[in-house]
Amino acid sequence: MIVYRRDRMLICLLVIVMAGAEVKEHLSPECKQFLYMGTLPRGLEEQHFKTICQIYVGRPRFVTLYDTFNHIPVYSAYTFKRSDGYKKVDVPWMYEPQLSTVSESREMQPFPSENVHSSFEDAQAVLDDYSNTVIYERGQLNPDEHQAHPDDKASTYTLTNVVPQVREFNIGPWKTHEHIIRRRLNNYCRGTAYVVTGVTTSGHTIRRHNINRLGIPTYLWSAYCCIDFDHNAPYSERSKFPAFAAHGLNDREDNKVQEMTVPQLEDFLKRVTYVGSSFQIFYDNCVPPNSALHLP
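Residues -21 to -1, 1 to 275 (mature numbering (1 follows the signal peptide of the UniProt record, and there is no 0)) make up the sequence shown, in order.
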């Protein structure tokens, strides 16, 4: 594996932007169900980003904004399902035919047994991109442990939901954070919990055959929104509703995951990345309609 590093003085770019209006309008109601108020995160437009309604076994499962240049997801947006946390490990890794120029299928498909990736590897990651990555492993943005039904769990095993994560970070602080969120939402979210998990990048890439293939995330971040929660929960948990967030450095060291409010996460991303002042993860900051929080 060869990792390419650009000048550290380059401005860090956040690949977290919303799809263009045309793509957004084509999200069906079945796909918009994974977004709070049916609304994508608000940010900048970018021609390399494609909004995917991830479909498995005939049903939409979650939404991903995908970077077809860096071959990684910008973010995945999903609804949390109460879960026991078990992983579904007998699922083959899949690719996204919607990004292929030769396929008309809208359902994610297992990778073919033969090396016929040329029809779609220009637009997305393939298994070979991760085959010799000693430091990095496939890290899901929508983790299967945040889903309950076997088909929902299986749908998370697509490379359009995966980014290169440093192993020590993936199985350590980030995995611990996923467990914490699962327990918190299991115990105290009474309604639907909307989750958006994404990355920032700074130009580092994984190369294959001397070609840049995968953007390497600098930070992973995540935020959830649950407006129907247990108001009798302990204050330490109740204070983290209706919305809360976190970020962590994708590195072997100094990779502690820090929890914070959603506005604090947005401010952090505005400081370390190139996004506009109107950047917003959840519609109206996950403030419930008719809430007293709207009053001056």
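Virtual Cβ for every residue (Gly too), placed ideally from N, Cα, C.
Per DSSP, cross-strand counterpart(s) of residue 239 | 224
Taking C-alpha atoms, which residue in 215, 185, 219 and 124 lies nearest to residue 206?
-> 219
Answer yes if the stretch 154 to 161 comes into contact with the stretch 105 to 116, meaning at least three C-beta pairs across the two stretches below 8 Å, and no otherwise.
-> no
Beta-carbon proximity of residue 161 to residue 64, cut-off 9 Å | yes
How would you label residue 192, buried or exposed, when you count the other beta carbons within 10 angstroms and need 16 or more for buried?
-> buried
Beta bridge counterpart(s) of residue 69 as assigned by DSSP = Per DSSP, none; premise fails for residue 69.
Kindly indicate which three-state DSSP category residue 78 falls into: helix, strand or coil?
-> helix
Through-space distance from residue 225 to residue 89, alpha-carbon basis = 32 Å
Beta-bridge pairing of residue 141 - partner residues as DSSP gives them = 119
Assigned secondary structure, residue 251 (DSSP; H/G/I helix, E/B strand, else coil) = helix
Exposure label - residue 128; buried when at least 16 CB within 10 Å = exposed
Flag this pair as yes or no: are the beta carbons of residue 176 and residue 55 separated by less than 9 Å?
-> yes
Rounded straight-line distance, which links the Cα of residue 249 to that of residue 256 | 7 Å
Kindly indicate which residue of 245, 46 and 102 has the alpha-carbon position closest to the one of residue 254.
-> 245
With respect to the beta strand (DSSP E) encompassing residue 186, which residues constitute its N-terminal and C-terminal limits?
-> 172 to 187
Output the distance between the C-alpha atoms of residue 11 and residue 136, rounded to the nearest integer angstrom.
-> 21 Å
Compute the distance between the beta-carbons of residue 262 and residue 208, then report whether it is under 9 Å.
-> no
Nearest to residue 213 (by Cα), restricted to the options 201, 184, 163 and 142 | 163
What do you reckon, are the CB atoms on residue 85 and residue 91 nearer than 9 Å?
-> no
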